[in-house]
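The sequence shown runs contiguously to residue 741 in full-length UniProt numbering. All residues carry an ideal CB built from backbone N, CA and C; glycine is no exception. Just so you know, these numbers come straight off a predicted model, no measurement behind them.
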Amino acid sequence: MPHIPQLIIDLSVMLGVAAIVTYIFKKINQPVVLGYIVAGIIVGPYSPPIFSVVDVSSVNTWAELGVIFLMFSLGLEFSFRRLAKVGISAGGTALIQIIFMLIIGIFIAEFIGWSHMDSIFLGCMIAISSTTIIIKALDELGLKNKKFVDLVFGILIVEDLAAILMLVALTNISLTSSVGAFDLLIAGGKLALVVSIWFLVGIFIVPRFVKKVSQQNNNEMLIVVSIGLCLCLVALASYFNYSVALGAFIMGSIISETPESHQIENLLQPLKDIFGAVFFVSVGMLLDPHAILNNISSILIITAAIVFGKLFSVTFGAIVTGQTLTNSVKTGFSMAQIGEFSFIIASLGLSFKVINESIYPIIVTASLITTFTTPYLIRYSAKIANSLEQKMPISIKNKLTHYTSWFQRITVVEDKQKDLNKKLLQWILNLFVVIAVFLLISEKISPIISNYIQKELVVKVISWLVAFILASPSIWAMLNIFKIKYERNLKNIIGKEVISLFVSRTLTIFIIGLLSLKFFPSPLTLVATIIASILFMILFRNRIGKYYNWIESQFSSSYNLEEKTKPHQPILYEQLAPWDAHLVDIKVPINSFVIGKSIVDLNLRQKYGITIVAIERGEHTIVSPDINDIIYPSDTLLCFSTDQEIDIFKAELENSNNIVQSSKVIPEYDLKRFFINRSSYINGLSIKDSAVREKFNCIIVGIERNNERIKNPNSSTILLADDILWVVGEVNKLELFALKI
Numbered sequence: 001m002p003h004i005p006q007l008i009i010d011l012s013v014m015l016g017v018a019a020i021v022t023y024i025f026k027k028i029n030q031p032v033v034l035g036y037i038v039a040g041i042i043v044g045p046y047s048p049p050i051f052s053v054v055d056v057s058s059v060n061t062w063a064e065l066g067v068i069f070l071m072f073s074l075g076l077e078f079s080f081r082r083l084a085k086v087g088i089s090a091g092g093t094a095l096i097q098i099i100f101m102l103i104i105g106i107f108i109a110e111f112i113g114w115s116h117m118d119s120i121f122l123g124c125m126i127a128i129s130s131t132t133i134i135i136k137a138l139d140e141l142g143l144k145n146k147k148f149v150d151l152v153f154g155i156l157i158v159e160d161l162a163a164i165l166m167l168v169a170l171t172n173i174s175l176t177s178s179v180g181a182f183d184l185l186i187a188g189g190k191l192a193l194v195v196s197i198w199f200l201v202g203i204f205i206v207p208r209f210v211k212k213v214s215q216q217n218n219n220e221m222l223i224v225v226s227i228g229l230c231l232c233l234v235a236l237a238s239y240f241n242y243s244v245a246l247g248a249f250i251m252g253s254i255i256s257e258t259p260e261s262h263q264i265e266n267l268l269q270p271l272k273d274i275f276g277a278v279f280f281v282s283v284g285m286l287l288d289p290h291a292i293l294n295n296i297s298s299i300l301i302i303t304a305a306i307v308f309g310k311l312f313s314v315t316f317g318a319i320v321t322g323q324t325l326t327n328s329v330k331t332g333f334s335m336a337q338i339g340e341f342s343f344i345i346a347s348l349g350l351s352f353k354v355i356n357e358s359i360y361p362i363i364v365t366a367s368l369i370t371t372f373t374t375p376y377l378i379r380y381s382a383k384i385a386n387s388l389e390q391k392m393p394i395s396i397k398n399k400l401t402h403y404t405s406w407f408q409r410i411t412v413v414e415d416k417q418k419d420l421n422k423k424l425l426q427w428i429l430n431l432f433v434v435i436a437v438f439l440l441i442s443e444k445i446s447p448i449i450s451n452y453i454q455k456e457l458v459v460k461v462i463s464w465l466v467a468f469i470l471a472s473p474s475i476w477a478m479l480n481i482f483k484i485k486y487e488r489n490l491k492n493i494i495g496k497e498v499i500s501l502f503v504s505r506t507l508t509i510f511i512i513g514l515l516s517l518k519f520f521p522s523p524l525t526l527v528a529t530i531i532a533s534i535l536f537m538i539l540f541r542n543r544i545g546k547y548y549n550w551i552e553s554q555f556s557s558s559y560n561l562e563e564k565t566k567p568h569q570p571i572l573y574e575q576l577a578p579w580d581a582h583l584v585d586i587k588v589p590i591n592s593f594v595i596g597k598s599i600v601d602l603n604l605r606q607k608y609g610i611t612i613v614a615i616e617r618g619e620h621t622i623v624s625p626d627i628n629d630i631i632y633p634s635d636t637l638l639c640f641s642t643d644q645e646i647d648i649f650k651a652e653l654e655n656s657n658n659i660v661q662s663s664k665v666i667p668e669y670d671l672k673r674f675f676i677n678r679s680s681y682i683n684g685l686s687i688k689d690s691a692v693r694e695k696f697n698c699i700i701v702g703i704e705r706n707n708e709r710i711k712n713p714n715s716s717t718i719l720l721a722d723d724i725l726w727v728v729g730e731v732n733k734l735e736l737f738a739l740k741i
């Protein structure tokens with residue numbers, strides 16, 4: 001009888017038990033992810049050896065692949081534009097939550113009687129939520145298209161980055177018994193530098209490569225190339241001692257806005273499902289009943305602190321950063337658990353022998369319990385949020401609404417300030433390129449040159465010249481990004497622009513000098529280097545400028561990071577709380593009741609409050625469809641609506657067939673607000689006479705007027721000065737509309 005590798009036997013046991021358990025869980029309407037964990041408990045090393053797994057290390061490797069594919073899939077569904085919309089709120093909420101949980105963790109550990117080092121590690125362990133578990137729960141519950149999910153993803157990204165910095169800090173604490181603030185700062189800068197370079201190089205190369213592969217019309221080639229790219233960046237992340245999940249997510253986000261991303265996502269789904277199942281089964285295998293019995297009181301206290309602490313801190317942080325009460329509560333209930341990073345932090349402490357060995361099974365058990373509770377918390381978060389809103393006193397509700405309005409108002413950035421911010425981002429990205437080039441030449445290329453040339457000074461000069469020439473386009477950009485355009489009226493040149501130009505050029509010269517110290521430690525040589533740099537940039541500025549503009553145009557054609565709409569006028573009035581309505585695309589299933597009917601026959605606006613903004617049909621997109629346009633099978637409808645209205649419409653569709661929804665908004669479209677000035681050409685015109693649909697292929701989906709709100713206004717509605725229009729359309733059309741209005 002031929003020998004079968006133990007891994008195959010173990011996988012057959014794991015997946016066989018998982019299949020039976022998840023089938024039972026699905027029958028009793030319980031989350032499938034919990035079925036995987038129960039299956040893991042059954043086949044784990046702490047259960048009776050009826051269905052035991054033997055080759056645990058190989059199974060853990062498969063589980064690691066599960067994390068990689070889950071994070072890669074998340075990156076494919078990710079959009080930097082979506083993150084930008086919740087950037088302030090996500091960053092602020094994550095910061096508040098992390099600080100709060102750190103304090104709670106330290107306090108609880110001291111209360112239990114643990115050592116000071118145990119307290120610090122526990123605080124870090126309970127501060128980071130599990131990205132993998134949350135993604136799986138949201139996906140399984142069909143909530144990934146909901147508005148609050150963008151905020152959840154944003155917080156998770158910030159937390160994952162914070163976790164990497166925590167690992168650096170905890171390593172320093174373990175080795176030196178001190179925090180090492182400078183080392184932490186250096187680690188943060190290194191992380192920003194490495195991730196930025198990965199991203200910049202990736203978006204310059206990967207989209208073109210993926211496009212070439214997709215032109216072969218071979219799904220096998222496309223998925224092999226995509227996974228290969230993913231694993232390459234995972235290996236690179238591991239080489240730099242970063243999380244493999246971070247590498248997988250970044251590669252997914254690079255591919256996410258290419259035209260092939262949907263196709264890759266569909267091809268990846270089976271792999272994500274099978275490896276993801278192995279991951280969650282492996283999590284269940286960690287459960288040790290003896291450890292639970294021996295530390296039951298500590299486990300219950302820590303678990304309660306995780307659930308209630310995160311519920312409070314995330315909800316509070318979201319409200320403080322301008323989110324509505326409903327979205328804040330939903331976000332808080334989604335984040336109330338810990339996972340993979342907590343295990344990594346605990347393992348780090350054990351490896352340095354600075355924490356008690358009993359902490360690991362305690363934190364694993366707390367993670368498993370919160371993994372069980374997460375799907376239920378997410379499932380019932382909407383009901384709890386609605387109940388809170390109904391029972392909340394009107395006075396408090398009004399104060400929250402006014403605060404949300406005030407926060408949004410103060411975060412609106414004027415045109416010139418927004419332009420300066422955009423230039424600052426470009427300057428920083430070019431700075432990262434310059435630093436990366438100089439460090440690469442100094443650390444890797446210079447030793448190679450020294451093998452062929454004996455004179456040290458000559459080696460340094462050649463190395464410096466190579467670094468400077470390669471980095472010269474980015475240096476040119478750093479010197480000229482803040483350059484003031486010619487103005488006939490000098491009064492139009494504001495102080496910030498002059499200061500920005502002076503500071504940016506001074507800093508650029510200083511940084512080049514600082515980087516040159518890697519090659520020329522002598523001050524005199526350094527001064528000569530700086531003078532030579534300035535002369536080089538003056539003599540070849542036009543040629544270098546053209547080369548940089550070519551690079552920038554190639555970069556933009558691969559992956560458009562430009563802001564898609566012109567910033568609207570500064571808002572100086574009381575703004576209403578944000579609408580819960582947003583853009584979401586819905587795939588029309590075969591045999592659905594909507595097929596064969598026109599938009600006017602469906603009457604979706606009146607029945608469900610839904611506006612169809614565009615119809616995607618194969619390679620063709622119908623923008624601002626006519627009321628007589630017919631809906632066909634497999635059409636993708638880009639709709640403007642609230643989560644509640646989409647749920648009602650979804651229920652109707654499911655009466656005839658299951659609906660397939662995508663969490664990713666069609667990236668060419670956006671929802672923007674526009675302020676009507678008294679001089680605007682549409683002031684006093686009806687929506688029909690303004691011809692916004694005909695001229696710009698855009699749809700007015702809402703009007704804010706005198707603290708009142710009109711959703712889906714009819715075509716006879718008159719547009720007045722000081723109205724705020726909510727308009728949906730293609731990003732380039734919205735930009736044109738912004739110029740004309």
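**OP:** Assign Thr-326 to buried or exposed, taking buried as 16 or more other Cβ atoms, counted over all protein chains shown, within 10 Å of its Cβ.
**Re:** That one is buried.
Original post:
When the distance is taken between beta carbons, is Val-307 closer than 8 Å to Thr-373?
Top reply: Yes; because the gap between Cβ atoms is below 8 Å, this pair is in contact.
Original post:
Do Leu-583 and Val-613 have their C-beta atoms closer together than 8 Å?
Top reply: Taking C-beta atoms as the reference points, Leu-583 and Val-613 count as a pair closer than 8 Å.
Original post:
Thinking C-beta only, is Ser-253 closer than 8 Å to Leu-151?
Top reply: It is not a contact, given that the beta carbons lie outside the stated cut-off.
**OP:** With DSSP collapsed to three states, give me the class of Asp-273.
**Re:** Looking at Asp-273 - three-state DSSP - the assignment turns out to be helix.
Original post:
Quick one: any contact between the region 642–649 and the region 681–699, if contact means 3 or more CB pairs under 8 Å?
Top reply: Contact fails: fewer than three Cβ-Cβ distances are below 8 Å.
**OP:** Could you check the C-alpha separation between Asp-273 and Ser-261 for me, to the nearest Å?
**Re:** Distance from the CA of Asp-273 to the CA of Ser-261, rounded to the nearest whole angstrom, comes to 18 Å.
Original post:
Gln-215: buried (16+ other C-beta within 10 angstroms of its C-beta) or exposed?
Top reply: By the neighbour-count rule (16 or more Cβ atoms within 10 Å), Gln-215 is not buried but exposed.
Subject >> Neighbourhood of Gln-569 by C-beta, 6 Å cutoff - its chain only, sequence neighbours within 5 removed >> reply: Any answer about Gln-569 is weak, because its pLDDT of 36 lies below 50 and its placement is not dependable; what the coordinates show is given next. Phe-675.
Subject >> 6 Å Cβ shell around Tyr-486 - same chain, five flanking residues per side excluded >> reply: Residue placement at Tyr-486 cannot be trusted, given a pLDDT of 46 that sits under 50; what the coordinates show is reported in the next sentence. Sequence-distant partners of Tyr-486 (beyond 5 residues in either direction) whose C-beta falls short of 6 Å from its own C-beta are missing from its chain.
**OP:** Compute the distance between the beta-carbons of Ser-367 and Ile-338, then report whether it is under 8 Å.
**Re:** In this structure, Ile-338 lies closer than 8 Å to Ser-367 by Cβ.
**OP:** Put Phe-675 into one of helix, strand or coil per three-state DSSP.
**Re:** It is a strand residue.
**OP:** Mark Pro-375 as exposed unless 16 or more other C-beta atoms lie within 10 angstroms of its C-beta, in which case mark it buried.
**Re:** Within a 10 Å sphere around the beta-carbon of Pro-375 sit 16 or more other beta-carbons, which makes this residue buried.
Original post:
By Cβ distance, which residues of its chain are closer than 6 Å to Leu-388, with the 5 residues on each side in sequence left out?
Top reply: Nothing meets the Cβ criterion.
Original post:
Pro-361: buried (16+ other C-beta within 10 angstroms of its C-beta) or exposed?
Top reply: It is buried - the Cβ of Pro-361 has at least 16 other Cβ atoms within 10 Å.
**OP:** Can you grab the Cα-Cα spacing for the pair Leu-170 / Ala-127, in whole Å?
**Re:** Each residue's Cα considered, the two are about 14 Å apart.
**OP:** Consult DSSP for Glu-357 and reduce its assignment to one of helix, strand or coil.
**Re:** Here Glu-357 carries a coil assignment [DSSP, helix/strand/coil].
**OP:** Counting only the same chain and skipping the five closest in sequence on each side, list residues whose C-beta sits under 7 Å from that of Ile-255.
**Re:** For Ile-255, same chain residues with a beta-carbon under 7 Å away, outside a window of 5 residues either side, are Leu-76, Val-206, Val-210, Ser-226, Ser-261, Ile-264 in chain order.
**OP:** Grab me the residues of Ala-291's own chain with a C-beta within less than 6 Å of its C-beta, minus the 5 sequence neighbours each way, in chain order.
**Re:** Contacts found: Pro-361.
**OP:** Name the one or two DSSP bridge partners that Thr-636 has.
**Re:** Note: Thr-636 is bridge-paired with Lys-587, Glu-616 in the DSSP secondary-structure output.
Subject >> Proximal residues to Phe-121 (C-beta, below 6 Å), its chain only, five neighbours per side dropped >> reply: Excluding five sequence positions before and after Phe-121, the CB atoms of its chain that fall closer than 6 Å to its own CB belong to Gly-349, Ile-355, given in chain order.
Original post:
Rounded to the nearest angstrom, how far is the Cβ of Val-17 from that of Glu-140, given a contact under 8 Å?
Top reply: The pair is not a contact, with the Cβ atoms about 19 Å apart (cut-off 8 Å).
Original post:
So what does DSSP say about Thr-717, is it helix, strand or coil?
Top reply: Of the three classes helix, strand and coil, the one that applies to Thr-717 here is coil, per DSSP.
**OP:** Following the continuous alpha helix (DSSP H) through Val-234, name the residue where it begins and the one where it ends.
**Re:** First-last of the alpha helix (DSSP H) with Val-234: 219–239.
Subject >> Residues near Ile-718 in its chain [Cβ-Cβ closer than 6 Å; skip 5 each side] >> reply: Counting only residues of its own chain and dropping the five nearest sequence neighbours on each side, Ile-718 has a CB closer than 6 Å to the CB of Ser-686.
Original post:
Whose C-alpha, out of Lys-546, Leu-479, Glu-616, is nearest the C-alpha of Ile-534?
Top reply: Cα-wise, what sits closest to Ile-534 is Leu-479.
Original post:
Skipping 5 residues on each side, what residues in its chain have a beta carbon closer than 6 Å to that of Thr-365?
Top reply: The beta carbon of Thr-365 sits closer than 6 Å to those of Ile-292, Ile-299, all from its chain and outside the five residues before and after it, given in chain order.
**OP:** Answer with buried or exposed for Phe-510, where buried requires no fewer than 16 other C-beta atoms within 10 angstroms of its C-beta.
**Re:** Burial call: exposed.
Original post:
Residues in its own chain within less than 8 Å of Ile-610 by CB, not counting five upstream and five downstream?
Top reply: For Ile-610, where only same-chain residues beyond five positions count, the Cβ hits under 8 Å are Leu-604, Cys-639, Phe-640, Ser-641, Glu-645, Ile-646, Phe-649.
Original post:
Which whole-angstrom value describes the C-beta separation of Asp-585 and Thr-636, a residue pair presumed to lie in contact below a C-beta threshold of 8 Å?
Top reply: Between Asp-585 and Thr-636, the beta carbon gap of about 5 Å places them in contact (Cβ cut-off 8 Å).
Original post:
Shortest alpha-carbon distance to Trp-62 belongs to which of Asn-398, Leu-271, His-402, Phe-468?
Top reply: With distances taken between Cα atoms, Trp-62 lies closest to Leu-271.
Original post:
Going by the beta-carbon positions, is the gap between residue 747 and Leu-200 smaller than 8 Å?
Top reply: Because the chain is modelled from 1 through 741, residue 747 falls outside the range shown and cannot be assessed.
Original post:
Of the residues Phe-275, Pro-393, Gly-105, which one's Cα is nearest the Cα of Ala-304?
Top reply: Of Phe-275, Pro-393, Gly-105, the residue nearest in Cα terms is Gly-105.
**OP:** Ignore the nearest five residues each way along the sequence and tell me which others in Ile-302's own chain have a CB closer than 6 Å to its CB.
**Re:** Closer than 6 Å at Cβ, skipping near neighbours: Ala-366.
Original post:
Do Val-67 and Glu-340 have their C-beta atoms closer together than 8 Å?
Top reply: Yes, the pair counts as a contact, with Cβ atoms nearer than the cut-off.
**OP:** Tell me Lys-711's beta-bridge partners as DSSP assigns them.
**Re:** Partner residues in the beta bridge of Lys-711, as assigned by DSSP, are Gly-702.
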